[in-house]
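Everything below concerns the one structure shown next.
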Amino acid sequence: DLYNFRLIRPDTKFYGIIGKPVGHSKSPLLFNAAFKSVGINAVYLHFLVDDVKMFFDTYSTPDFGGTSCTIPHKEAALKCMDEIDPIAKKIGAINNICRRPDGKLTAFNTDYIGAISAIEDGLRELNGVSPGASSPLAGKLLVVLGAGGAGKSLAYGGAQKGARVVVANRTIERAKELADKVGGKAMTLEEIEHFHPEEGMVLANTTSVGMKPHIDATPIPKHALKHYCLVFDAIYTPKDTRLLREARETGAVIVYGTEMLIRQGFEQYKNFTGLPG
Ligand code: ATR
259 DLYNFRLIRP DTKFYGIIGK PVGHSKSPLL FNAAFKSVGI NAVYLHFLVD DVKMFFDTYS
319 TPDFGGTSCT IPHKEAALKC MDEIDPIAKK IGAINNICRR PDGKLTAFNT DYIGAISAIE
379 DGLRELNGVS PGASSPLAGK LLVVLGAGGA GKSLAYGGAQ KGARVVVANR TIERAKELAD
439 KVGGKAMTLE EIEHFHPEEG MVLANTTSVG MKPHIDATPI PKHALKHYCL VFDAIYTPKD
499 TRLLREARET GAVIVYGTEM LIRQGFEQYK NFTGLPG
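Residue numbers (the UniProt record's numbering): 259 to 535.
Here's what the structure looks like:
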């Protein structure tokens, strides 16, 4: 019983994920399990949506609590919002929409929070520092591979934490556009192979290179990894990508894509319920 149907009452609040396709999403499994375990009177559904505006116009009643948002609506949904988190606005994509009691729709991008907090905790572990207010990314060189949606999340999120950002992408024009926006530098993936101005850099892969079924591929050769103290891969299928295996062998701290996935979901849960988690 994916949706806990037996627990649904007339006053049950409903949430869901809007997308097309959407049936494969595991989010309902996660959220319904969370709601049930804490005893929250809510259900989280799959919504196959063509027209985002029509969806939000239709579901405008108080029993509607909000949605997660996936492909292809992450950008189109922006236009339907009353309020948008400032960084989500800069990234140009939202994945979490909450309906407030006054009916206003407020949107967030929890992908960047999930990815950046996973990297920050990895760095704190490396430095033996307990979680604190100041970001261990401040002043660090953060190399972001890729300039798509996930690349934007990492580049804007990193810049906001005071990292010096380098964006490297196969298509250099996209790297330049993003680097300009975050006040960083743009490079090609080939240039990154020989880029080692200092030790202790942070690497974040957001390209799809190494994703199932191409598990033998890697976006950057092993020899180029030795100047990085931490390597993050946004890919989570497989969990242990070739990039992460080689980074581990090189001695870097590694941060799995599953960390980003779990953390971004947890942020959505907090936004939906208003609970501290
Ligand atoms: P997402 O939203 O997950 O970031 P995306 O917007 O499709 O997905 O972006 C995919 C990223 O992977 C892009 O940076 C893409 O590079 P291009 O901008 O040059 O297309 C990168 N990418 C995909 N396949 C690649 C490959 N074979 N080699 C190098 N980069 C690749």
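Every residue gets a Cβ at the ideal spot worked out from N, C-alpha and C, and that includes glycine.
- Relative to the ligand ATR, even the nearest heavy atom lies 7 angstroms or more away from the CB of residue 359.
- In this structure, DSSP gives residue 273 an extended state, which the three-state scheme calls strand.
- Unbroken alpha helix (DSSP H) stretches of 4 residues or longer found wholly inside the stretch 395-424: 407-418, given in chain order.
- Put simply, the backbone Cα of residue 406 is about 12 angstroms away from that of residue 332.
- Taking the C-beta atoms as reference points, residue 512 is found no nearer than 8 angstroms to residue 478.
- DSSP links residue 339 through a beta bridge to no other residue.
- When beta bridges are read from the DSSP output, residue 304 appears opposite 275.
- Three or more beta-carbon pairs separated by less than 8 angstroms link the stretch 375-386 to the stretch 506-526, which places the two stretches in contact.
- The beta carbon of residue 299 lies closer than 6 angstroms to those of 270 in the same chain, with the five residues before and after it left out.
- The closest heavy atom of the ligand ATR lies 7 angstroms or more from the beta carbon of residue 500.
- The beta carbon of residue 375 sits closer than 7 angstroms to the beta carbons of 521 from its chain, once the five residues preceding and following it are set aside; these are given in chain order.
- Looking from the CA of residue 466, the closest CA among 442, 438, 482 and 428 belongs to 428.
- Here residue 516 is near residue 497, since their CB atoms are less than 8 angstroms apart.
- In the same chain as residue 262, and ignoring 5 residues on each side of it, the C-beta atoms closer than 8 angstroms to its own belong to 290, 293, 294 and 301, in chain order.
- In this model, residue 453 and residue 354 are separated by some 36 angstroms (Cα to Cα).
- Boundaries of the beta strand (DSSP E) harbouring residue 363: 363-366, taken from the DSSP string.
- Contact between the stretch 354-372 and the stretch 383-392 is absent: fewer than 3 CB-CB pairs across the two stretches fall below 8 angstroms.
- With contact defined as three or more Cβ pairs closer than 8 angstroms, the stretch 316-331 and the stretch 484-493 are not in contact.
- Linking residue 419 to residue 265 through their CA atoms gives a straight-line distance of about 42 angstroms.
- Assignment of residue 334 by DSSP, reduced to helix, strand and coil, places it in the helix class.
- Taking 4 residues as the shortest admissible run, the stretch 429-500 contains the following complete alpha helix (DSSP H) segments, listed from N- to C-terminal end: 430-440 and 447-451.
- Just so you know, the alpha carbons of residue 482 and residue 397 end up roughly 21 angstroms apart.
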